[in-house]
Amino acid sequence: MLQTNLEHVMSKEDLQKIITSNEMVAVCCGRMGPMCIPVYGVFEALREKHPNIKFMDMEFDSPESIAIRGLPECSDFRGLPFTVYYRGGKVVKATSSVQTAKQVKDIISEVFS
Amino acid sequence: MNAKKHFDLIIIGAGPAGLAAAIYTARAAINTLVVDQSSAGGQVKTTHQVANYPGFVEPIAGYELAANMRKQAEKYGAQFELAAEITDLNLIGEEKWVKIDDETYTAKHVIIATGSSPRLLNVPGEQEFKGSGISYCATCDGEFYKDKDIVVVGGGNSAMEESLLLLQFANSITVIHQFDTLQAEKITAEKMMNSPKVNILWSHEPRGFEKNGEKMIVKAENLKTKELVILERDGVFVFVGMLPNVDFLRNTPLQFTPQGYIVTNENMETNIAGVYAAGDVRDKKYRQIATAVGDGTISALEVIKKI
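Take a look at the structure:
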């Protein structure tokens, strides 16, 4: 289990339910590694400022994370974490490797405004 | 003035130096704001295990130690603005101000504890292919390159230690290094040089990256002959050291070393009255969690004395 203060996506079905019942969802799929921890931290810090966005994480090593790893948008990703942004149930952005707070905020402005 | 936006002290940077300072000043009932462009914890939060911080018989996970430091500062009343960008600031005069996102915050004292970050190469393609061919972490991304041919840029301790890890996965490693010898510790350097999987391009620097299908095209310049070498590999790992986080301070009258570290005296005072620097961002010999905490503590005690 990821040691974060974020809600965790536990399964493929869980993810489907979440993106169906929430308009804007951001999921950081990773491990407890040096590229992933900063993104979880940024998500935690942005939760209060964006109460209408559901920020979550998912364990990369879980077989269930094929729901993220298997996305066409992630097909050429070779850097953890895989961070995926959903709007209306569809992927609107996906990034690979560490992202700064500014990069995450710019994406939020781009796809969730 | 909006009272909510005025503090006795603004600490810029929420790593161990900034958090140690915040614990001291908040406990002394000094109205303290800690601001960071990322989440709290600095480099500690991404350190796998910390085995040499006093008080922990068993190693503690870096993210846990960082989280505890933050909770401790919050417990005593320090306030935080995280994932926040400083867009402007003034450090001169009795009342300093810092513009954080769209809000302006004032304080009589400022502690700069912004630490350092991995140096980037700043060549074309580096940012574009981050995560899809360019990586900065062997433990995170090494497995994506199992049985592949990769490039490592760098020749210091970090580069060679990370490369030894990559040797467990990669078919071959080509090291691009700007000097004629490795700067890593002898034992590490020898392990690399003796490996049949390793080839070193001495006196070369990367000039750009492109992609050709799944492959990375790496352009490297021979610094002696100016000849450009083109390599086609499966991925690139970059380990070229750290830089102090001071870009946003360059237009201030702060005094810096040629390498960009902030100059202070033994009390963490900079050349600007009411402005202190603590931790990895300041000019010092040893950069450890314990020394950062020490710096933060000293700067806090100086502020407490003056309020």
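From first to last, the protein sequence lines stand for chains A and B.
Okay, so the first sequence: first residue is 1 according to my numbering, each after it adds one.
Okay, so the second sequence: first residue is 114 according to my numbering, each after it adds one.
Think of the CB as a built atom: it goes at the ideal place given N, C-alpha and C, for glycine as much as any other residue.
In this text, all values refer to a predicted model and were calculated from it rather than measured experimentally.
For residue 38(A), I'd like the list of residues in its chain whose CB is within less than 6 Å of its CB, leaving aside the five on either flank, ordered along the chain. 98
Residue 114(B): buried (16+ other C-beta within 10 angstroms of its C-beta) or exposed? Note that residue 114(B) scores a pLDDT of 47, beneath 50, so its modelled location is shaky and nothing firm can be said.
Taking C-alpha atoms, which residue in 249(B), 268(B), 284(B), 240(B) lies nearest to residue 259(B)? 284(B)
Grab me the residues of residue 402(B)'s own chain with a C-beta within less than 7 Å of its C-beta, minus the 5 sequence neighbours each way, in chain order. 129, 157, 163, 166
Pull up the CB-CB distance for residue 134(B) and residue 409(B), whole angstroms please, since I reckon it's below 8 Å. 4 Å
Does the separation of the CB atoms of residue 311(B) and residue 289(B) fall below 7 Å? no
If we count the other Cβ atoms within 10 Å of its Cβ and call it buried at 16 or more, is residue 275(B) buried or exposed? buried
Can we say the stretch 182 to 197 of chain B touches the stretch 35 to 51 of chain A, given the rule of at least three CB pairs closer than 8 Å? yes
Provide the residue span of the beta strand (DSSP E) that contains residue 136(A), from first to last. The structure shown does not extend to residue 136(A), since chain A is modelled only from 1 through 113, so no value can be given for it.
Residue-chain proximity (residue 37(A), chain B), Cβ-Cβ < 7 Å: yes
Could you please give the first and the last residue of the uninterrupted beta strand (DSSP E) stretch that includes residue 192(B)? 192 to 194
When you compare only the Cα positions, how much space is there between residue 388(B) and residue 394(B)? 13 Å
Ignore the nearest five residues each way along the sequence and tell me which others in residue 89(A)'s own chain have a CB closer than 7 Å to its CB. 19, 20
Whole-angstrom distance between residue 226(B) and residue 297(B), CA atom to CA atom: 28 Å
For residue 81(A), does the count of other Cβ atoms within 10 angstroms reach 16, so buried, or fall short, so exposed? buried
For the stretch 54 to 62 of chain A and the stretch 4 to 19 of chain A, state whether three or more C-beta atom pairs, one from each stretch, are separated by less than 8 Å. yes
Tell me the rounded alpha-carbon separation between residue 250(B) and residue 206(B). 43 Å
Put residue 72(A) into one of helix, strand or coil per three-state DSSP. helix
Going by DSSP in three states, residue 234(B) sits in which element: helix, strand or coil? coil
What residues from chain B crowd round residue 102(A), counting only those whose CB sits closer than 9 Å? 150, 196, 198
Measure the alpha-carbon distance for residue 200(B) versus residue 218(B) and round it to whole angstroms. 12 Å
Would a C-beta distance cut-off of 7 Å place residue 254(B) and residue 79(A) closer than the cut-off? yes
Of all the options 160(B), 186(B), 169(B), which has the alpha carbon lying nearest to the alpha carbon of residue 494(B)? Since the first residue of chain B shown is 114 and the last is 420, residue 494(B) is not available in this structure.
Of all Cβ atoms in chain B, is any one closer than 7 Å to the Cβ of residue 79(A)? yes
Cβ of residue 68(A) within 7 Å of Cβ of residue 84(A)? yes
For residue 6(A), go through chain B and note every residue whose CB falls closer than 7 Å to its CB, in chain order. Residues of chain B passing the Cβ test: none, with the nearest at roughly 11 Å.
Would you mind telling me which residues of chain A sit closer than 9 Å to residue 245(B), beta carbon to beta carbon, in chain order? 76, 77, 78, 79, 96, 97
So residue 367(B) and residue 378(B) are supposed to be a Cβ contact under 8 Å. How far apart are they, rounded? About 13 Å separates the two Cβ atoms, so there is no contact after all.
Since residue 189(B) and residue 153(B) are thought to touch, with beta carbons under 8 Å apart, how far apart are those beta carbons, to the nearest angstrom? 14 Å between Cβ atoms; not a contact.
Candidates 86(A), 24(A), 4(A), 107(A), of which the one nearest residue 51(A) by Cα: 24(A)
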